[in-house]
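Numbering (this note's numbering), first residue to last: 120 to 831.
Read through the structure below, which is laid out as structure tokens, and then see the notes.
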């Protein structure tokens with residue numbers, strides 16, 4: 120059983136704008152943890168803040184002001200590593216300070232006092248901003264992979280382009296056994312070296328720390344942040360095996376070294392590394408199943424421009440963080456209240472409130488921002504995990520996930536990026552947007568409706584499979600056949616250009632629209648419009664239209680690479696197999712997309728592909744296409760939309776929404792719905808390049824039908 124908490128001796132009421140700091144006493148590794156709590160103003164004496172993962176229920180203890188306080192095992196390892204030594208320093212020959220001033224939430228906040236928890240959550244931003252340093256604790260490094268990764272990251276940052284070039288040899292092998300298939304010994308050795316380095320990188324970003332919601336704010340607000348792990352000193356010495364360390368161990372005049380050796384890397388270096396991977400290493404990241412993108416999301420949340428202005432608004436910040444884990448889903452919002460965009464007109468966009476469930480918190484937040492801004496940006500962040508989330512129109516207080524279809528559920532599984540298309544399909548604001556109904560959860564009462572105005576673009580008739588990042592890189596046949604969607608581009612072609620009924624369309628035009636849809640109109644998912652003039656070195660685009668031309672050429676190279684891979688695959692079929700379709704064990708298309716094109720179209724693809732590489736196209740589409748689908752409408756329009764859309768859904772242009780919307784007629788109605796008014800469920804955001812044209816904000820120019828939509 121976990122130890123009983125005793126708070127009487129160490130938790131006294133805190134005055135407003137005060138926090139407690141833990142003065143951690145010196146001790147040897149095996150000594151019990153002892154500390155003293157000191158209440159002080161937020162901007163009082165210097166302290167360091169500990170950022171860590173709780174790691175389950177408190178099962179360990181420490182002594183605080185004579186009282187036994189329960190702490191988690193992970194915090195215990197952090198405090199053991201951070202506390203000062205009582206003996207003379209073996210390096211400096213000076214006594215230790217005796218105490219270290221730290222702030223750690225589970226000790227410094229009375230966890231059983233709800234009012235104190237709420238008040239301290241409101242102060243969390245100031246606590247981490249005011250810390251002299253944030254100590255991010257990754258835990259003990261049992262196999263030395265974490266400390267190796269820190270070394271590798273620093274090494275890669277010296278010459279990122281060369282490092283990624285070396286690492287791409289791994290795209291041609293699937294596991295260590297494949298290394299021996301390489302013809303040259305030099306390549307085999309290079310492959311083994313790179314594999315070791317990137318195994319460490321993978322292990323580093325797999326660590327639980329990088330996957331927890333609260334650390335986003337803790338790292339983002341830090342003036343200085345050090346990411347630390349520890350190894351047992353004897354293990355470190357065995358690895359290094361240096362003469363100097365052996366002499367030190369044999370010197371009887373020296374004090375024994377601490378059992379733990381700390382390794383660290385600053386957060387700035389990690390942030391720069393994941394930025395490089397996001398812009399230049401997508402194929403490598405997906406092939407090796409690296410989770411660098413989780414840390415990249417932290418960078419997106421806190422990115423500022425050259426003037427120090429935040430580039431990420433509060434709703435987008437919540438969207439980036441929703442992939443991370445959290446014990447209390449309400450903390451997905453409360454854990455980011457330190458973000459500069461969490462304040463509007465001098466007030467927080469939402470106040471911490473643990474008395475209502477997440478459905479109410481999320482709905483009130485979305486409704487508040489829609490009303491204040493007269494914009495529907497919140498709707499572009501909706502990503503339903505399944506159709507089940509769109510089947511209810513009434514509140515249910517027992518259902519924590521119950522909320523309107525137009526409200527993003529920031530606690531549901533999500534791996535999509537926002538869709539900031541370069542060209543808006545309608546007016547950016549609409550003063551006629553309004554919300555009807557109660558925002559407070561009362562079982563059986565209708566959830567609030569969102570009333571918007573716009574145009575019906577077209578009805579969906581075909582939808583592809585959901586796209587996975589592992590689908591995108593062209594590698595080798597064994598690897599291709601292990602994908603969820605092998606030869607995914609050929610499968611997409613079956614959706615957008617079916618064998619029957621599409622021959623009247625120019626295949627090159629269809630391909631251009633498909634390539635543009637997959638790349639979100641050539642605007643990267645961090646808000647950079649690649650078609651705008653400027654120095655966009657991350658995409659090698661410096662003039663208007665240049666990025667689109669490079670994308671088109673790279674897409675052509677991609678088509679040919681897939682064609683060549685399929686030809687190789689078909690050549691490996693057994694001679695006794697009459698055709699691809701006769702082999703029940705293969706999962707190959709009948710023919711490649713390229714092979715299905717008429718001769719003039721093939722010639723155009725060859726012309727575009729000359730001297731091009733597929734890497735640019737893969738980089739352009741990897742994150743924006745992830746977990747989305749490609750669809751075709753009744754009139755042949757091609758777009759990219761949410762994973763739960765299906766034939767029969769309707770694509771709409773709506774005032775105040777920066778992209779198009781996919782709607783579905785609601786299967787339920789309530790007594791409050793007006794006669795003859797059919798409410799709609801919001802399926803999610805989508806883009807259709809042909810209907811998102813610069814200067815066209817009125818669907819009437821395309822002959823679209825204008826109407827009002829009631830979203831429930």
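Every residue gets a Cβ at the ideal spot worked out from N, C-alpha and C, and that includes glycine.
According to DSSP, is residue i helix, strand or coil?
i: residue 759; result: strand
i: residue 176; result: coil
i: residue 829; result: strand
i: residue 363; result: Note that residue 363 scores 42 on pLDDT, short of 50, meaning its location in the model is unreliable and no value can be drawn from it.
i: residue 820; result: helix
i: residue 133; result: coil
i: residue 776; result: coil
i: residue 487; result: helix
i: residue 351; result: strand
i: residue 832; result: The question about residue 832 has no answer here: the residues shown for the chain are numbered 120 through 831.
i: residue 699; result: Any reading at residue 699 must be qualified, since the residue scores a pLDDT of 42, below 50, and its modelled position is unreliable; no value is offered.
i: residue 578; result: strand
i: residue 387; result: helix
i: residue 183; result: strand
i: residue 344; result: strand
i: residue 319; result: helix
i: residue 558; result: coil
Assuming contact is defined by CB atoms lying nearer than 8 Å, are residue i and residue j in contact in what I supplied?
i: residue 532; j: residue 504; result: yes
i: residue 629; j: residue 770; result: no
i: residue 764; j: residue 526; result: no
i: residue 170; j: residue 337; result: yes
i: residue 133; j: residue 154; result: no
i: residue 220; j: residue 147; result: no
i: residue 406; j: residue 442; result: no
i: residue 565; j: residue 512; result: yes
i: residue 228; j: residue 218; result: no
i: residue 671; j: residue 762; result: no
i: residue 328; j: residue 250; result: no
i: residue 331; j: residue 445; result: yes
i: residue 538; j: residue 639; result: yes
i: residue 724; j: residue 675; result: yes
i: residue 440; j: residue 462; result: no
i: residue 729; j: residue 682; result: no
Do you know how far the Cα of residue j is from the Cα of residue i?
i: residue 786; j: residue 479; result: 23 Å
i: residue 307; j: residue 292; result: 11 Å
i: residue 211; j: residue 384; result: Low confidence applies here, because residue 211 scores a pLDDT of 43, under 50, leaving its location unreliable; read the following figure in that light. Approximately 23 Å, taken between the alpha carbons.
i: residue 396; j: residue 734; result: 13 Å
i: residue 386; j: residue 414; result: 10 Å
i: residue 611; j: residue 584; result: 8 Å
i: residue 677; j: residue 665; result: 18 Å
i: residue 530; j: residue 191; result: 24 Å
i: residue 152; j: residue 189; result: 11 Å
i: residue 707; j: residue 436; result: 40 Å
i: residue 452; j: residue 483; result: 12 Å
i: residue 398; j: residue 797; result: 44 Å
i: residue 381; j: residue 264; result: 14 Å
i: residue 390; j: residue 246; result: 22 Å
i: residue 490; j: residue 775; result: 11 Å
i: residue 518; j: residue 448; result: 13 Å
i: residue 315; j: residue 485; result: 46 Å
i: residue 334; j: residue 780; result: 33 Å
i: residue 711; j: residue 392; result: 37 Å
i: residue 808; j: residue 547; result: 18 Å
i: residue 341; j: residue 423; result: 15 Å
i: residue 203; j: residue 168; result: 16 Å
i: residue 159; j: residue 224; result: 15 Å
i: residue 481; j: residue 516; result: 14 Å
i: residue 811; j: residue 544; result: 5 Å
i: residue 641; j: residue 255; result: 36 Å
i: residue 412; j: residue 400; result: 11 Å
i: residue 521; j: residue 555; result: 17 Å
i: residue 474; j: residue 178; result: 27 Å
(message) Under 8 Å: do the region 741 to 751 and the region 457 to 471 share three or more Cβ pairs, one atom per stretch?
(response) no
(message) For the pair the region 314 to 324 and the region 261 to 276, tell me if three or more CB-CB distances fall below 8 Å.
(response) yes
(request) Pick out the complete alpha helix (DSSP H) segments inside the region 215 to 241, 4 residues or longer, and give them in chain order. (result) 224 to 227
(request) State whether the region 584 to 594 contacts the region 552 to 565, with contact taken as three or more CB pairs (one from each stretch) at a distance under 8 Å. (result) no
(message) For the structure I just gave you, are there three or more beta carbon pairs, one from the region 274 to 289 and one from the region 483 to 497, closer than 8 Å?
(response) no
(message) As an exercise, report each continuous alpha helix (DSSP H) stretch of at least 4 residues that is fully enclosed by the region 723 to 756, in chain order.
(response) 734 to 744
(request) Let me know the alpha helix (DSSP H) ranges lying completely inside the region 392 to 440, each 4 residues or longer, listed in chain order. (result) 401 to 406, 411 to 421 and 433 to 440
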